[in-house]
Amino acid sequence: MPDALNINAELVRDLIEQQFPQWATLSINPFTPGGWDNRNFRLGDDMVVRLPSAKRYALQVEKEQHWLPRLAADLPVAIPHPLAMGTPGERYPWHWSIYGWLDGETARDGHIAEPDGFAVSLAGFLNALHLIDGADGPQPGPHNFHRGAHLGTYDAETRRAIANIENDIDVQKVAAIWESALASSWEGAPIWFHGDLEPGNLLVEDGRLSAVIDFGCCGVGDPACDLAIAWTFFDAEQRRAFRSALGVDDACWLRGCGWALWKALIVLSGQPSTDPSTRDHAGTTLRRIVEDGDLAAG
């Protein structure tokens, strides 16, 4: 098996022909952009083929196959519906999935009808997710890069990032926010979280939230990781609407800010070759965090 897999339409065609011949005549078209953790291809008009791009992402396939059908009935918007699970083959070493197609476009500025209402709808999705029994759900671990665990998992990495860019940021304020975020832990029973709640995983139709996709980082534990979107995507007004509609306490909200801060800092302290748009977005997130005067407010 080659170290670097060339995951393309030809490979997908071979896998479909070998394992799901009933769909062998359907068209196969790659998504643009194709994704990072997984490569996605549209199969015919009604299906999506999803292949992990590396071994560390392959752990998520069987988890999604098992849990997504169990979560779907209790959520207010659509989530991916597994139709089949592929097995490792001669040219591809991991399990992979086929899902039903979900209409919609990814959330972005200009495609959301009422931004405050969108924020409230997303909070409603999270509140519903949190109510689902998490007793037997997957605990944080390598399968989701420790989403849902204590934020201190990323403490050393965050402090290195702060040191690397100390001349470009307000170190005292950033460090104080980070310390405040670290100061609490989730004390309740483990509850469900999505784990990678960002605009590319939110679909809209007619300007409204219609689906949430990519549950590869989902699990049960501390839901604070899902609150990072309050700073990575929402402006101050949307952030207030989002928080008002959420059923989380001040400490959880602050930990969510910590997750957003970690994400921004590791991007800004990364290699100079990092995509400029990604760096710009991280800079915007960091500015929102530093300027947010309501982090500790109820």
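Take any residue in the sequence shown, note its place counting from 1, add 377, and you have its number in the working numbering.
Cβ atoms here follow ideal geometry from the backbone N, Cα and C, with glycine treated the same way.
Note that the structure is predicted; figures quoted are calculated from it, not measured.
If you draw a 10 Å sphere on the C-beta of Arg664, you find fewer than 16 other C-beta atoms in it, and that means exposed. Less than 9 Å divides the Cβ of Ile542 from the Cβ of Leu642. The three-state secondary structure of Phe408, taken from DSSP, is coil. Going by C-alpha positions, Gly477 is about 26 Å away from Asp513.
Going by DSSP, Glu582 is part of no alpha helix (DSSP H) but of the beta strand (DSSP E) stretching over Leu579 to Glu582. The C-alpha of Ala450 lies about 10 Å from the C-alpha of Ile509.
Nearest to Asp493 by C-alpha distance, out of Pro653, Glu614 and Gly624, is Glu614. With respect to the 9 Å criterion, Ala628 and Arg620 are not classified as neighbours on the basis of their beta carbons. As DSSP reads the structure, Asn417 sits in a beta bridge with Arg427. Within the segment 539-585, the complete beta strand (DSSP E) runs of at least 3 residues fall at 568-570 and 579-582.
Only exposed fits Val548, as fewer than 16 other CB atoms lie within 10 angstroms of its CB. Burial check for Trp413: the Cβ neighbour count within 10 Å stays below 16, so the residue is exposed.
Glu564 and Cys595 have their C-alpha atoms roughly 19 Å apart. Cα atoms of Trp569 and Leu506: separation of roughly 6 Å, rounded to the nearest angstrom.
Only residues of its own chain outside the window of five on either side were considered, and among them His523, Arg524, Gly525, Ala526, Gly596 and Gly598 have a CB closer than 7 Å to the CB of Pro517, listed in chain order. Taking all protein chains in view, the Cβ of Glu441 is crowded by 16 or more other Cβ atoms within 10 Å, so the residue is classified as buried. In this chain, the beta strand (DSSP E) harbouring Gly596 covers Gly596 to Gly598. The C-beta distance from Pro459 to Pro446 rounds to 7 Å, short enough to meet the 8 Å contact threshold. In the three-state scheme derived from DSSP, where H, G and I count as helix and E and B as strand, Glu491 is classed as coil. Under DSSP, Gly463 takes part in a beta bridge, and its partners are Trp473. The beta carbons of Leu604 and Gly633 sit about 2 Å from each other, so the pair counts as a contact at 8 Å. Approximately 30 Å separates the beta-carbon atoms of Ser587 and Gly660; this is outside 8 Å, ruling out the contact.
Inclusion of Leu428 and Arg416 in the CB contact set at 9 Å is warranted, their separation being smaller than that value.
For Tyr434, the enclosing alpha helix (DSSP H) starts and ends at Lys432 to Ala449. The beta carbon of Ala533 is closer than 8 Å to none in its chain, skipping five residues each way along the sequence. Looking at the DSSP output, Ala588 shares a beta bridge with Ala455 and Leu580. Its chain contains Ala435, Val438, Glu439, Met462, Gly463, Thr464 and Pro465 as the residues whose beta carbon lies nearer than 7 Å to that of His472, once the 5 sequence neighbours on both sides are disregarded; these appear in chain order.
Excluding five sequence positions before and after Pro576, the CB atoms of its chain that fall closer than 7 Å to its own CB belong to Thr483, Ala484, Arg485 and Phe610, given in chain order. Taken atom to atom, the span from the alpha-carbon of Leu382 to that of Ile475 is near 19 Å.
Across the set Asp422, Gly647, Ile405 and Leu672, the C-alpha of Gly647 shows the shortest separation from the C-alpha of Ala540.
Within the same chain, Cβ atoms closer than 6 Å to the Cβ of Ala500 are found at Phe619, Ala622 and Leu623, the five residues on either side in sequence being excluded.
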